[in-house]
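Taking it in order: structure first as structure tokens, then the write-up.
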Amino acid sequence: MQLTIQTLFNDPDIVSATIDRVLQTRKDAIYWQQYLTFRKTTQRVFKDYIGTVTGVVAGSINSQYGEKPIRERRNIGSGYGEVAYLGDAYQMSIDRLSDLQDLIDKYNAARTQDQVTALNDIISFIYDDYRQVLLAAHKRMDLVVGSLLMTGSAEVKNKDNNVDGTTLLSIDLPFKSITPAITDKANFITYLLNEINALKPDYGAFQKMIMSRATFVKDIIGSSEFGDKFKMVLGQNQFYMGPGVMTSEMASQVFTGIGLPAIEIKDDYVEDQDGVNQAIYADDRITLLPQDQIGYMRYHTPYEATDGVPGRTYTQADGDLLVCGYKDKNGRYLEYSAEWIPQISNPNKIVNFDLSTMNAQ
Numbered sequence: 001m002q003l004t005i006q007t008l009f010n011d012p013d014i015v016s017a018t019i020d021r022v023l024q025t026r027k028d029a030i031y032w033q034q035y036l037t038f039r040k041t042t043q044r045v046f047k048d049y050i051g052t053v054t055g056v057v058a059g060s061i062n063s064q065y066g067e068k069p070i071r072e073r074r075n076i077g078s079g080y081g082e083v084a085y086l087g088d089a090y091q092m093s094i095d096r097l098s099d100l101q102d103l104i105d106k107y108n109a110a111r112t113q114d115q116v117t118a119l120n121d122i123i124s125f126i127y128d129d130y131r132q133v134l135l136a137a138h139k140r141m142d143l144v145v146g147s148l149l150m151t152g153s154a155e156v157k158n159k160d161n162n163v164d165g166t167t168l169l170s171i172d173l174p175f176k177s178i179t180p181a182i183t184d185k186a187n188f189i190t191y192l193l194n195e196i197n198a199l200k201p202d203y204g205a206f207q208k209m210i211m212s213r214a215t216f217v218k219d220i221i222g223s224s225e226f227g228d229k230f231k232m233v234l235g236q237n238q239f240y241m242g243p244g245v246m247t248s249e250m251a252s253q254v255f256t257g258i259g260l261p262a263i264e265i266k267d268d269y270v271e272d273q274d275g276v277n278q279a280i281y282a283d284d285r286i287t288l289l290p291q292d293q294i295g296y297m298r299y300h301t302p303y304e305a306t307d308g309v310p311g312r313t314y315t316q317a318d319g320d321l322l323v324c325g326y327k328d329k330n331g332r333y334l335e336y337s338a339e340w341i342p343q344i345s346n347p348n349k350i351v352n353f354d355l356s357t358m359n360a361q
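Numbering of the sequence shown is given in this note's numbering, commencing with residue 1 and proceeding in unit increments.
Okay, structure coming up:
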């Protein structure tokens with residue numbers, strides 16, 4: 001088979017092999033997948049059930065021949081969600097295409113038994129191009145889900161640095177929000193323990209609480225009473241660890257020892273469209289989660305899958321993300337299309353502490 005750049009980016013077998021290589025040797029972690037899993041929706045606008053019936057009302061005790069009282073089944077709230085449209089086209093530079101053409105020429109000139117090695121060299125070369133198109137949508141959802149988890153809301157404008165731009169995505173969730181006062185800072189751990197105990201009858205037990213590293217250092221290790229709690233749980237003979245070497249595992253041991261959820265520190269970043277690394281998880285926030293899996297990434301198959309642009313070959317990846325390559329008078333491009341939106345199943349069972357007021361001084 002004579003290989004050309006055109007067939008390289010349009011042959012389904014080659015494109016699938018390249019995508020498989022990227023997925024198997026993925027360099028970048030996808031953070032949102034810790035909390036959500038893919039779930040298909042057949043409609044772009046879908047019914048979104050907010051919350052679940054987590055408790056059952058005690059049944060009535062009746063006399064032997066008494067009538068059973070009529071009760072209404074406890075329902076859950078509902079609303080509507082709509083998938084967001086994601087997509088970018090990446091132009092390949094002339095220099096990179098020239099290098100790729102050299103590899104293709106070597107493949108075409110190689111003997112049949114050597115063409116497998118030559119093709120692997122080509123796939124390794126274009127690996128990073130496909131990595132860009134396969135991970136870009138995931139990285140956007142990392143930012144959206146991280147914002148939802150820490151603040152209960154997320155907003156995306158037409159450009160990351162365009163404060164006054166058009167809002168393309170806006171989500172607000174009914175989290176339980178608690179704002180400690182400045183006076184709570186001195187005994188913040190005790191305050192946190194009392195608040196969580198007060199929440200248990202209505203919210204149940206929380207598996208973990210997540211926070212940024214800056215919040216962990218400032219408000220947990222930096223708490224004036226943390227040292228006393230540390231020695232109380234680990235014993236007077238334990239070597240006292242300073243804030244600089246205290247780990248989240250040690251802090252979690254202290255917290256679970258006094259009846260608080262385990263701590264999970266978040267220190268993850270995503271590069272935005274301007275090349276600036278954005279923190280996924282906001283500072284001055286602590287979020288209590290009942291478990292890791294809190295919902296779904298709802299996805300819809302893009303329209304191009306059934307009625308694509310003539311001359312383009314589309315290949316599907318996870319979440320029905322479509323990848324295709326094409327050429328016009330301005331150059332050659334790789335692009336992706338996806339229709340995703342995060343759906344938090346029980347937002348009314350998630351609690352968020354806003355520490356901005358407490359840390360104002």
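Where a beta carbon is used, it is the ideal one built from N, C-alpha and C, also for glycine. Every value quoted in this text rests on a predicted model; they were computed, and no experiment measured them.
Could you tell me the distance, in whole angstroms, from the CA atom of residue i to the CA atom of residue j?
i	j	result
I126	N10	13 Å
V156	H300	19 Å
N162	Q273	11 Å
T183	D318	49 Å
K329	Q91	12 Å
P12	I280	35 Å
P347	A84	20 Å
R285	I19	37 Å
Q260	I94	Residue identity differs from the one stated: residue 260 is Leu in this sequence, not Gln. Each residue's Cα considered, the two are about 57 Å apart.
V270	A154	15 Å
I263	R213	11 Å
L289	F216	16 Å
A109	V15	21 Å
E335	T315	11 Å
G152	F175	6 Å
Tell me the DSSP secondary structure of residue i in three-state form.
i	result
T301	coil
R285	strand
N359	coil
N277	strand
K266	strand
Q343	strand
E225	coil
G87	strand
T42	coil
G295	strand
Y112	For the sequence presented, residue 112 should be read as Thr rather than Tyr. Helix at T112.
L119	helix
L260	coil
Mind reading off the beta-carbon distance from residue i to residue j? Whole number of angstroms is fine, and I expect it under 8 Å.
i	j	result
I341	G81	6 Å
A338	A137	4 Å
T179	T287	The pair is not a contact, with the Cβ atoms about 14 Å apart (cut-off 8 Å).
Y107	L3	5 Å
Identify every residue that forms a DSSP beta bridge with residue i.
i	result
N352	S177 and T287
K106	Beta-bridge pairing links K106 to no other residue.
Y80	K47
L36	G295
E271	N277
Problem set entry | Runs of beta strand (DSSP E) lying entirely within the region 135-222, each at least 3 residues, in chain order | Fully enclosed beta strand (DSSP E) runs of 3 or longer: 153-157, 167-172, 176-178 and 208-212.
Practice item. Identify every run of the beta strand (DSSP E) within the region 300-338, keeping only runs that are complete inside it and at least 3 residues long; order them along the chain. Key: Scanning the region 300-338 from its first residue to its last, the whole beta strand (DSSP E) runs of 3-plus residues come out as 315-317 and 321-328.
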